[in-house]
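For reference, the structure is listed below as structure tokens.
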Amino acid sequence: MKDLDAEALCRQLAEQIRPHVGPATALVGIYTGGLWLAERLHAELGIAQPLGAIDVSFYRDDYASKGLHASPKKTEIPFDVDAAHVILIDDVLYTGRTTRAALNELFDFGRPARVELAVLVDRGGRELPVAARYCAHTLSAPLAREQNLELQRDDHGQFSLKLTQRA
Amino acid sequence: MRNPQLNQHGELQHLLTLDGLPRDILTAILDTAAPFTEVAEREVKKLPLLRGKSVFNLFFENSTRTRTTFEIAAKRLSADVVNLNINTSSAAKGESLLDTVDNLCAMQADMFVVRHAASGAPMLIAQHLQNTGRDHIHVVNAGDGRHAHPTQGLLDMYTIRHFKRDFTNLTVAIVGDVLHSRVARSQIAALTTLGVPEVRVIGPKTLLPTEVERLGVRVFHDMSEGLRGVDVVMMLRLQNERMNGALLPTPQEYYKIWGLTAEKLALARPDAIVMHPGPMNRGVEIDSAVADGAQAVILPQVTFGIAVRMAVMSMLGSR
Numbered sequence: 003m004k005d006l007d008a009e010a011l012c013r014q015l016a017e018q019i020r021p022h023v024g025p026a027t028a029l030v031g032i033y034t035g036g037l038w039l040a041e042r043l044h045a046e047l048g049i050a051q052p053l054g055a056i057d058v059s060f061y062r063d064d065y066a067s068k069g070l071h072a073s074p075k076k077t078e079i080p081f082d083v084d085a086a087h088v089i090l091i092d093d094v095l096y097t098g099r100t101t102r103a104a105l106n107e108l109f110d111f112g113r114p115a116r117v118e119l120a121v122l123v124d125r126g127g128r129e130l131p132v133a134a135r136y137c138a139h140t141l142s143a144p145l146a147r148e149q150n151l152e153l154q155r156d157d158h159g160q161f162s163l164k165l166t167q168r169a
Numbered sequence: 066m067r068n069p070q071l072n073q074h075g076e077l078q079h080l081l082t083l084d085g086l087p088r089d090i091l092t093a094i095l096d097t098a099a100p101f102t103e104v105a106e107r108e109v110k111k112l113p114l115l116r117g118k119s120v121f122n123l124f125f126e127n128s129t130r131t132r133t134t135f136e137i138a139a140k141r142l143s144a145d146v147v148n149l150n151i152n153t154s155s156a157a158k159g160e161s162l163l164d165t166v167d168n169l170c171a172m173q174a175d176m177f178v179v180r181h182a183a184s185g186a187p188m189l190i191a192q193h194l195q196n197t198g199r200d201h202i203h204v205v206n207a208g209d210g211r212h213a214h215p216t217q218g219l220l221d222m223y224t225i226r227h228f229k230r231d232f233t234n235l236t237v238a239i240v241g242d243v244l245h246s247r248v249a250r251s252q253i254a255a256l257t258t259l260g261v262p263e264v265r266v267i268g269p270k271t272l273l274p275t276e277v278e279r280l281g282v283r284v285f286h287d288m289s290e291g292l293r294g295v296d297v298v299m300m301l302r303l304q305n306e307r308m309n310g311a312l313l314p315t316p317q318e319y320y321k322i323w324g325l326t327a328e329k330l331a332l333a334r335p336d337a338i339v340m341h342p343g344p345m346n347r348g349v350e351i352d353s354a355v356a357d358g359a360q361a362v363i364l365p366q367v368t369f370g371i372a373v374r375m376a377v378m379s380m381l382g383s384r
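As given, the protein sequences belong to chains V and Z, one line each in that order. Just so we're aligned, residue 3 is where the first sequence starts under our numbering, counting upward by one. Just so we're aligned, residue 66 is where the second sequence starts under our numbering, counting upward by one.
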């Protein structure tokens, strides 16, 4: 993914979201890459509501076969979910299963007025009826199953996208 | 021989004892417990991990706190919980332990939480399940005889880590009736595995097991000497119901020598925490003013116990 400039995509994503930000807008980042992105967008867009974070480990649909992920993180939703306009943030949209898990978890905190999804890259390969309202880049051809695309953050806080091959 | 608590991939299959449990698994349980503490603050205090699973609480011995916290933990993981008070049921009619287990397996049990007066009873059940090819059913020891009480040991470690952050610079004292205490055995195993450099046991000779030093602890028969400079004071309950013969003078006299009072606690470090597994005998092993004092973390122990039990059950429940 050398041709994908994560920093530029992040700026594009912020501009897509900006016109839709209101006083009830709250951002929730999905661990780990989505939360980095959400931190950046939260500052860039001057969101008034505190930033939320979700770790979907306890809601994953492959728990029965794969078990619990190692050291799950604390989910924190520091704003009132009831009647909020929530934008879920993830780095890469793939099967849609993480989004499903995040939605289920979010609704255990209350009933939001509206939930939208914002992602940096849509890599294709959806297995659930999930679509991103905001998306900075859609790959022209879906990645293969053994390929893994994820956001990286270096020591200076700079973003890049890393493509790896699973064995 | 393979550690009977682990499966062929080295993952937790049953939780029977902390003795011999690898450090990385101990640490993984504590790490996993941390995010579960937050669930209590949600609108919906439930996670879907054990949805559709049946957890059987098999208590052959009385317990309120342990049984209740296991029940809450299982329910917060969306499991169906069946509480069996065996004192008043089949065992009283003469059914053997393994027959009881087989019958509950026929009712599609997924997990047994077992408390038994006989040391090794949970291990016997785990071996029976393995010998009969029922690897999908898990056993959690909720206290067996004088042997082990692993989830209590784990919640104690979680509490220490919460308040002290690091184990590797601590001096920890375990005070009282170590002889009858499965809690103490689990605590000593966990503390040494996690790298606590100095574990002390303090108590009268009649209430310490012979050769207790071989567990890797320093022995004190003088309370003031033993408490000097410690970071953590773990009190044990005086187990009157397990005493046979004259191990003690009277509870009053015990309190005078071995009861934790503010004066004795002052010998520990000023930021030392005071723990107790409950139920407490106020005025026997601990003074009320200390039990309710600023250094006591006895109620946080109970709350953390739910998260730790959720972590154990969710680590077992998937396979």
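For every residue, glycine included, the Cβ atom is placed at its ideal position computed from N, Cα and C.
Between which residues of its own chain and Z:R283 is the CB-CB distance below 6 angstroms, once the five residues before and five after are set aside?
Here residue 283 of chain Z refers to the residue found at position 218 when the second sequence is read from its first residue. Cβ neighbours of Z:R283 beyond the five flanking positions: R265.
Residues of the region 106 to 140 of chain V with a CB closer than 7 angstroms to any CB of chain Z: list them in chain order, please.
D110, F111 and G112
Can you give me the Cβ contacts of V:A55 inside the same chain, cut-off strictly under 6 angstroms, excluding the 5 residues immediately before and after it?
What you label residue 55 of chain V is simply residue 53 of the first sequence in a count that begins at 1. For V:A55, where only same-chain residues beyond five positions count, the Cβ hits under 6 angstroms are G31, L37 and E78.
With distance defined between alpha-carbon atoms, name the residue in Z:N148, Z:V362, Z:F369 and Z:V298 nearest to Z:A238.
Sequence index remark: in the second sequence, residue 238 of chain Z carries index 173 (1-based). Here the closest residue by C-alpha is Z:V298.
Output yes if chain Z places a C-beta closer than 8 angstroms to the C-beta of V:P74; else output no.
On the first sequence, residue 74 of chain V is found 72 positions in, with the first residue counted as 1. Closer than 8 angstroms: yes.
Taking the continuous beta strand (DSSP E) assigned at V:S162, which residues delimit it?
Taking the first sequence and counting its residues from 1, one reaches residue 162 of chain V at position 160. First-last of the beta strand (DSSP E) with V:S162: F161 to Q167.
Can you give me, in chain order, the residues of the region 205 to 217 of chain Z that have a beta carbon less than 9 angstroms from any beta carbon in chain V?
none
Identity of the residues DSSP links to Z:I371 by a beta bridge:
Along the second sequence, read from residue 1 onward, the residue named residue 371 of chain Z stands at position 306. BP columns for Z:I371 are empty, so no partner.
7 angstroms CB neighbourhood of V:H44 in its chain, flanking five on each side removed:
For the purposes of this step, residue 44 of chain V is identified with residue 42 of the first sequence, where counting begins at 1. Answer for V:H44: L29 and L53, listed in chain order.
Chain Z contact for V:G36 (CB, 8 angstroms cutoff)
As a first step, residue 36 of chain V must be located in the first sequence, where it is residue number 34. Not closer than 8 angstroms to any Cβ of chain Z, the Cβ of V:G36 fails to qualify, so no.
DSSP three-state call for V:L151: helix, strand or coil?
In the first sequence, counting from the first residue as 1, residue 151 of chain V sits at position 149. DSSP places V:L151 in strand when its eight states are reduced to three.
Z:M188, DSSP secondary structure in three states:
Position 123 of the second sequence, counting from 1, holds the residue named residue 188 of chain Z. DSSP places Z:M188 in helix when its eight states are reduced to three.
Sequence-distant residues of the same chain with beta carbon closer than 7 angstroms to Z:R230, five excluded per side:
Taking the first residue of the second sequence as position 1, residue 230 of chain Z is located at position 165. Excluding residues within five positions, none has a Cβ falling inside 7 angstroms.
From the DSSP secondary-structure annotation, give me the bridge partner or partners of Z:T224.
The residue you call residue 224 of chain Z lines up with position 159 of the second sequence. Z:T224 pairs with nothing; no bridge assigned.
If V:L172 and V:P114 are in contact, beta carbons under 8 angstroms, what's the gap, nearest whole angstrom?
Outside the modelled stretch of chain V, which goes from 3 to 169, sits residue 172 of chain V, for which no answer is possible.
Taking the alpha carbon of Z:P215 as the point to measure from, which residue in Z:P87, Z:F177 and Z:L83 has its own alpha carbon closest?
Along the second sequence, one-based indexing puts residue 215 of chain Z at 150. Measuring C-alpha to C-alpha distances from Z:P215 to each of Z:P87, Z:F177 and Z:L83 identifies Z:L83 as the nearest.
Can you give me the Cβ contacts of Z:Y320 inside the same chain, cut-off strictly under 7 angstroms, excluding the 5 residues immediately before and after it?
Along the second sequence, read from residue 1 onward, the residue named residue 320 of chain Z stands at position 255. Result list for Z:Y320: G348 and V349, in chain order.
Contact set for V:R42: own chain, Cβ-Cβ below 7 angstroms, skip 5 residues either direction:
The sequence position of residue 42 of chain V within the first sequence is 40, counting from 1. Only C12 meet the Cβ criterion.
Where the alpha helix (DSSP H) containing Z:Y319 begins and where it ends
For the purposes of this step, residue 319 of chain Z is taken as residue 254 along the second sequence, with counting starting at 1. From DSSP, the alpha helix (DSSP H) with Z:Y319 extends over P316 to W323.
Using CA atoms only, rank isn't needed, just tell me which of V:A120, V:A104, V:Q167 and V:G126 is closest to Z:P113.
Against the second sequence, residue 113 of chain Z aligns to sequence position 48. The candidate whose alpha carbon is nearest that of Z:P113 is V:A104.
Cross-chain neighbours of V:L70 in chain Z, by beta carbon under 7 angstroms:
Within the first sequence, the letter at position 68 stands for residue 70 of chain V. Those are T97, S379, M380 and S383, listed as they occur along chain Z.
Short CB-CB distance (under 8 angstroms) between Z:P342 and chain V:
The count along the second sequence starts at 1 and reaches residue 342 of chain Z at position 277. It does not: the Cβ of Z:P342 has no partner Cβ on chain V nearer than 8 angstroms.
Nearest-angstrom beta carbon gap, Z:P365 and Z:T224 [assumed within contact, 8 angstroms]:
Taking the first residue of the second sequence as position 1, residue 224 of chain Z is located at position 159. Taking the first residue of the second sequence as position 1, residue 365 of chain Z is located at position 300. Confirmed, about 6 angstroms.
Could you pull out every residue in the same chain whose Cβ sits closer than 8 angstroms to the Cβ of V:R20, ignoring the five residues on either side in sequence?
As a working note, residue 20 of chain V is residue 18 in the first sequence. Result list for V:R20: L47, in chain order.
Are there 16 or more other CB atoms within 10 angstroms of the CB of Z:I322, so buried, or fewer, so exposed?
As a first step, residue 322 of chain Z must be located in the second sequence, where it is residue number 257. Per the 10 Å Cβ criterion, exposed.
What would DSSP say about V:I79, mapped onto helix, strand or coil?
Here residue 79 of chain V refers to the residue found at position 77 of the first sequence. Three-state DSSP puts V:I79 in coil, outside helix and strand.
Counted within 10 angstroms of its Cβ, other Cβ atoms place V:K164 as buried (16 or more) or exposed
Working through the first sequence from its first residue, we reach residue 164 of chain V at position 162. It is exposed - the Cβ of V:K164 has fewer than 16 other Cβ atoms within 10 Å.
Can you tell me where the beta strand (DSSP E) with Z:A207 in it begins and where it stops?
Sequence index remark: in the second sequence, residue 207 of chain Z carries index 142 (1-based). Segment H203 to D209, the beta strand (DSSP E) holding Z:A207.
Using a 10 Å radius around the Cβ and a threshold of 16 neighbouring Cβ atoms, would you call V:H158 buried or exposed?
In the first sequence, counting from the first residue as 1, residue 158 of chain V sits at position 156. So V:H158 ends up on the exposed side.
Specify the secondary structure class of V:V23 as computed by DSSP and reduced to three states.
Within the first sequence, the letter at position 21 stands for residue 23 of chain V. In the structure shown, V:V23 sits in coil (DSSP, three-state: anything other than H, G, I, E or B).
DSSP state of Z:N168, grouped into three classes?
For the purposes of this step, residue 168 of chain Z is taken as the residue at position 103 of the second sequence. In the displayed model, Z:N168 falls within a helix according to three-state DSSP.
Proximity test, Cβ basis, 8 angstroms: Z:R107 and chain V
The residue you call residue 107 of chain Z lines up with position 42 of the second sequence. Interface residue, yes.
Using DSSP bridges, identify the partner residues of Z:E385.
Given that chain Z is displayed from residue 66 to residue 384, the structure contains no residue 385 of chain Z and the question cannot be resolved.
Using beta carbons (cut-off 8 angstroms, strictly below), is Z:P100 in contact with chain V?
Against the second sequence, residue 100 of chain Z aligns to sequence position 35. Chain V, which has a Cβ nearer than 8 angstroms to the Cβ of Z:P100, makes this yes.
The beta strand (DSSP E) that contains V:I91, what's its start and end?
Taking the first sequence and counting its residues from 1, the one referred to as residue 91 of chain V is at position 89. Following the DSSP letters along the chain, one finds V:I91 inside the beta strand (DSSP E) bounded by residues H87 to L95.
Pull up the distance between the alpha-carbon of Z:H193 and that of Z:I202, whole angstroms please.
As a working mapping, residue 193 of chain Z is identified with position 128 in the second sequence. As a working mapping, residue 202 of chain Z is identified with position 137 in the second sequence. For Z:H193 and Z:I202, the distance between alpha carbons rounds to 11 angstroms.
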